[in-house]
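Data first, discussion second: the structure below is written as structure tokens.
Numbering (the working numbering), first residue to last: 298 to 414.
If you want it as structure tokens, here you go:
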């Protein structure tokens with residue numbers, strides 16, 4: 298499975314940004330696509346993920362501000378981020394997995410999101 302992400306950016310606090318990711322290859326092996334974030338000096342952590350059945354999982358920090366969506370036919374996932382804050386800064390990675398229990402083995406290239414105060 299190959300994942301191609303897009304949508305890096307620099308925004309001011311309170312702004313919005315949309316990330317997108319497209320999957321290709323052996324996509325029949327995955328059910329979940331999502332986004333992880335790695336802030337400087339910190340471990341990579343889940344931001345949001347979505348199963349093909351529509352179920353989702355969000356980090357507490359993302360609830361109410363971020364929305365994940367999928368186009369199953371196109372094998373794409375998008376993350377709409379609103380009311381961005383400096384603590385949202387980091388490298389965002391697209392991920393593909395079999396279930397919502399944790400990160401899968403497939404990662405896209407990281408995309409930098411920087412939120413200035």
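For each residue, glycine too, the CB sits at the ideal point set by N, CA and C.
Item	Value
Which residue marks the beginning of the beta strand (DSSP E) containing residue 303, and which one marks its end?	299 to 303
Expressed to the nearest angstrom, what Euclidean distance is found between the alpha-carbon atoms of residue 376 and residue 366?	7 Å
Can you check which of these residues, 329, 413, 305 and 341, is closest to residue 352 by C-alpha distance?	329
Kindly indicate which three-state DSSP category residue 358 falls into: helix, strand or coil?	coil
Less than 8 Å between the beta carbons of residue 409 and residue 334, yes or no?	no
Quick one: measure Cβ to Cβ for residue 372 and residue 324, integer angstroms, because I've assumed they're closer than 8 Å.	5 Å
Give the secondary structure of residue 352 by DSSP, where H, G and I count as helix, E and B as strand, and everything else as coil.	coil
Taking the alpha-carbon positions, what's the residue 378 to residue 402 distance?	24 Å
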